[in-house]
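Just so we're aligned: 83 in the numbering used here is position 49 of the sequence shown, and the numbers increase by one with no gaps anywhere. Yeah, the Cβ is synthetic: ideal placement off N, Cα and C, and Gly gets one too. Since this is a predicted model, take the numbers as computed values, not measurements.
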Amino acid sequence: MEIAYILIQCDLGSEEQIINQIMQIPEVKEVRGTYGIYDVFCKVQADSKDSLDKVITNKIRKIQKIRSTITLHYIPSQGGK
């Protein structure tokens with residue numbers, strides 16, 4: 035199982051619309067609006083790195099009014115919870 039966290043910057047005022055669109059993607063396990071430099075973050079889970087890449091590239095990053103994204107992929111060997 036592959037997991038990534040996506041930090042999203044979007045056009046001013048489009049946060050709720052983008053959150054609603056992201057919630058429709060089955061691989062997205064959590065999506066929230068945030069304060070600060072990034073407007074939205076989401077947690078994405080997929081069966082493989084290739085599937086994860088496709089969700090991020092072909093589903094999330096193609097949503098209109100998203101300006102930029104940063105993908106954080108965790109390091110399993112470092113442990114954590």
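### Task
Answer yes or no: do residue 71 and residue 65 have a C-beta to C-beta separation smaller than 9 Å?
no
### Query
With burial defined as no fewer than 16 other Cβ atoms inside 10 Å of the residue's Cβ, what is the status of residue 68: buried or exposed?
With fewer than 16 Cβ atoms within 10 Å of its Cβ, residue 68 is classed as exposed.
### Query
Should residue 73 be labelled buried (16 or more other beta-carbon atoms within 10 Å of its own) or exposed?
buried
### residue 50, buried or exposed, once every other Cβ within 10 Å from all chains shown has been counted against 16
exposed
### Task
Starting from the Cα of residue 48, find the closest Cα among 84, 101 and 76 and give me that residue.
It is 101 whose Cα lies nearest to the Cα of residue 48.
### Task
Output the boundary residues of the alpha helix (DSSP H) element that contains residue 88.
83-88
### Task
For residue 100, name the three-state secondary structure that DSSP assigns.
Strand.
### Message
Only counting the same chain, and skipping five residues up and downstream in sequence, which positions put a Cβ closer than 8 Å to that of residue 114?
### Response
108
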